[in-house]
Amino acid sequence: MGNPLKIVIVGCSGRMGHALLESVFADAELVLHSAVDRSENPHLGRDAGELHGKVSGVKVTADIDEALKGADVLVDFTRPEASMLYLEACQKANVKMVIGTTGFSAQQKQAIEIAAKNISIVFAPNMSVGVTLLINLVQSAAKVLNEGYDIEIIEAHHRHKIDAPSGTALRLGEAAASALGRNLEDCAIYGREGVTGERDTSTIGFATVRGGDVVGDHTVLFAGIGERVELTHKASNRATFAIGALRAAKFLSNKKTGLYDMQDVLGLR
Ligand code: NAD
C-alpha cells in the first residue's frame, strides 16, 4: 500500500461532514489532512475528531488556503456559494475535488466544468452505489417504456434540506429524458396546483416531500395503461454517501484533470 491519500473535509461539522470524518477515520488508505468550516462555526479551533471520541490532531479551521497546502483531495458537501469559493482555492492550490453539494445554478455548474480543465473533479448529486445503479436502471426502463408511459419522480428528504427537487431527483429526470431523446428543461413539471388540465405524456413530473429525518428516498414511476413500474431507492444512513465520496476521492488519485461522476467511479459507463 502507498502513502495514505490526504483528505480535506469542508463543512466538517455538518451532517455529511460528520459522516465523512467517521469514514476517513475508519479507512487506513486515507488520512485527514484538514477539516474546514466557515468562520462563524462554533467548532473552529477544536479537534475535528472530538465528536467522534477521537483525537485526530487536526483542528477545525476556516483558512482554506492553509488547509489545502500539501493536500491531495478536497471533499465538499456544503452549499453552492461555499463550493464556488473552494473551487477557486483548489484550482490555485492544484488540489483535486469531490463535489457532493447540490442546488447549483446552471452558471455554477458551468464554473465546475471550466475548473475541470485545470484539476480533476468528481461531481455527483448522489454518491451512493445504489443510486448510481438506479440511474442506469432508469435509462434502461425509459428505453423500453418509451411510449404510453407517464414518468413521475417522487422524492422525500429530512426537514432541514433547503433545495428542491433534490439534485438526485433532477439527475434521475435527466437520465430518463436523455434516454428518450428529450431535454429535461423543456419537459419538466415541478409540482402541480389548481386546474392543471390533463397530463401531457411527454412531460416528466416531480413531487417533493419534506419531513422528519428521512435521509433520502427516490422513486421513478412509469405509469402506463393497466400497469405501473416503480424503481425505488431508499437511503437509511449517510454513511452510504460518505463511503461513495471517499471511493471517488481514491478514483481521482491518478487523474490530473477532467470532470467525472459516480458512473465513472463505479465503471458503469
Ligand atoms: P448541513 O447543513 O448539515 O452541513 C453543511 C455544512 O456546510 C455545515 O458544516 C456548514 O457550516 C457548511 N456551510 C454552509 N454554508 C457555508 C458557507 N457559505 N461557507 C462555508 N461553509 C458553509 O448539510 P448536509 O445535510 O451535510 O448537506 C450538505 C450538502 O450535501 C447539501 O447540498 C446536500 O444536498 C448535499 N448532499 C449530497 C449527497 C450526495 O451524495 N451527493 C448526500 C447528502 C447530502
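Residues in the sequence shown are numbered consecutively from 979, following our numbering.
Every residue, glycine too, gets a C-beta built ideally from N, C-alpha and C.
Item to check | Extent of the continuous alpha helix (DSSP H) to which F1219 belongs | outcome: Here the alpha helix (DSSP H) through F1219 covers A1217 to L1230.
Checklist entry - Is the segment 991 to 1005 touching the segment 1212 to 1226 in the sense that three or more CB pairs, one from each, lie closer than 8 Å? => result yes
Next on the checklist: Tell me which residues share the same chain as I1042 and place their Cβ nearer than 8 Å to its Cβ, disregarding the 5 neighbours each side in the sequence.
Outcome noted: V988, V1014, L1063, Y1064 and A1067
Item to check | Residues of its chain near G1027, where Cβ-Cβ distance is below 6 Å and the 5 sequence neighbours each way are ignored | outcome: Taken in chain order, the residues that qualify are V1033 and S1034.
Next on the checklist: Along the chain, where does the alpha helix (DSSP H) containing L1110 start, and where does it finish?
Outcome noted: Sequence inspection shows Thr at residue 1110; the Leu mentioned does not correspond to that position. Counting along the chain, the alpha helix (DSSP H) containing T1110 begins and ends at V1107 to V1122.
Checklist entry - Can you tell which of L1199, T1186 and A1049 has the C-alpha that lies nearest to the C-alpha of A1154? => result L1199
Checklist entry - DSSP on Y1064, reduced to helix/strand/coil? => result helix
Checklist entry - Nearest-angstrom Cα distance between F1101 and G1189? => result F1101 and G1189 have their C-alpha atoms roughly 26 Å apart.
Item to check | Own chain, CB closer than 6 Å to Y1168, minus 5 neighbours either side, in chain order | outcome: F1184
Checklist entry - Who are the near neighbours of A1248 in its chain, counting only those whose CB is closer than 7 Å to its CB and skipping five residues on each side? => result The chain is shown from 979 up to 1247; residue 1248 falls before or after that span and cannot be answered.
Next on the checklist: What residue range does the beta strand (DSSP E) around G1211 cover?
Outcome noted: With the sequence shown as reference, residue 1211 is identified as His, and Gly is not the correct amino acid for it. Segment R1206 to A1213, the beta strand (DSSP E) holding H1211.
Item to check | Nearest-angstrom Cβ-Cβ length linking K1212 and D1195, presumed shorter than 8 Å | outcome: 5 Å
Checklist entry - How is H1248 classed by DSSP in three states: helix, strand or coil? => result Because the chain in this structure spans residues 979 to 1247, residue 1248 falls outside the shown range and cannot be described.
Checklist entry - Does any heavy atom of the ligand NAD sit closer than 7 Å to the C-beta of E1152? => result no
Item to check | Euclidean distance between Cα positions of A1220 and N1114 | outcome: 21 Å
Checklist entry - Just curious, the beta strand (DSSP E) that L1022 is in, first and last residue? => result Unbroken run through L1022: none, as it is neither H nor E.
Checklist entry - Name the DSSP bridge partner or partners of Y1127? => result Answer is none; Y1127 lacks a bridge partner.
Item to check | For I1077, the three-state DSSP class (helix, strand or coil) | outcome: strand
Checklist entry - With distances taken between CB atoms, is the gap from K1074 to I1092 smaller than 8 Å? => result no
Item to check | Cβ-heavy atom distance, T1186 to the ligand NAD, below 7 Å | outcome: no
Item to check | Distance cut-off 7 Å: P1103 Cβ against heavy atoms of the ligand NAD | outcome: Yes, since a heavy atom of the ligand NAD falls inside the 7 Å radius drawn around the Cβ of P1103.
Next on the checklist: Which of the three DSSP states is assigned to D1195 in this structure?
Outcome noted: strand
Next on the checklist: Using the three-state DSSP reduction, which class does G1202 fall into: helix, strand or coil?
Outcome noted: Three-state result, G1202: coil.
Next on the checklist: Measuring only from the beta carbon, is A1060 closer than 7 Å to any heavy atom that is part of the ligand NAD?
Outcome noted: yes
Checklist entry - Nearest-angstrom Cα distance between N1124 and L1158? => result 7 Å
Next on the checklist: Just to confirm the assignment, what range does the alpha helix (DSSP H) spanning A1147 have?
Outcome noted: Unbroken alpha helix (DSSP H) run through A1147: G1145 to A1157.
Next on the checklist: Checking 8 Å against the spacing of the C-beta atoms, do A1060 and R1024 come in under that value?
Outcome noted: Going by C-beta atoms, A1060 is not nearer than 8 Å to R1024.
Checklist entry - With which residues is V1002 paired in a DSSP beta bridge? => result None, per the DSSP bridge assignment.
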